[in-house]
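Undergrad: I have a structure I would like to understand better, so I am pasting it below and will then ask my questions one at a time.
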Amino acid sequence: METIAAHFRGTATIFKVDAGRSPELAALFEVRSVPTMILFAGGTIARRFAVMTEGRDLITAMLASLDDC
147 METIAAHFRG
157 TATIFKVDAG
167 RSPELAALFE
177 VRSVPTMILF
187 AGGTIARRFA
197 VMTEGRDLIT
207 AMLASLDDC
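Okay, so the sequence shown: first residue is 147 according to this note's numbering, each after it adds one.
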């Protein structure tokens, strides 16, 4: 997560939420498995990563998703 946050510093904000401690937030965003990463663009969900890929692969997937927005 720190690698992702560092890569997008200044262009995106990365939040980490503990679904066990915030079940209402997990329910609001329909988190069914952990880890789940949700990418928002313009206030709406642009892409959901239900099985998180690590490091560079996740950055590549996020950049591709942002290009589609």
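The beta-carbon is built from N, C-alpha and C at its ideal position, and this holds for glycine as well.
Taking the alpha-carbon positions, what's the V180 to A196 distance?
TA: Cα to Cα, V180 sits roughly 7 Å from A196.
Undergrad: Could I get the ranges of all uninterrupted alpha helix (DSSP H) runs contained in the segment 164-197, with 4 residues as the minimum, in chain order?
TA: List check, alpha helix (DSSP H) in window: 169-174.
Undergrad: Do I205 and I150 have their CB atoms nearer than 9 Å?
TA: Their beta carbons are under 9 Å apart, which means I205 touches I150 by this criterion.
Undergrad: When burial is assigned at 16 or more other CB atoms within 10 Å of the CB, is M183 buried or exposed?
TA: Flag for M183 reads buried.
Undergrad: Do you know offhand how far A158's Cα is from M208's?
TA: Computed Cα separation, rounded: 11 Å.
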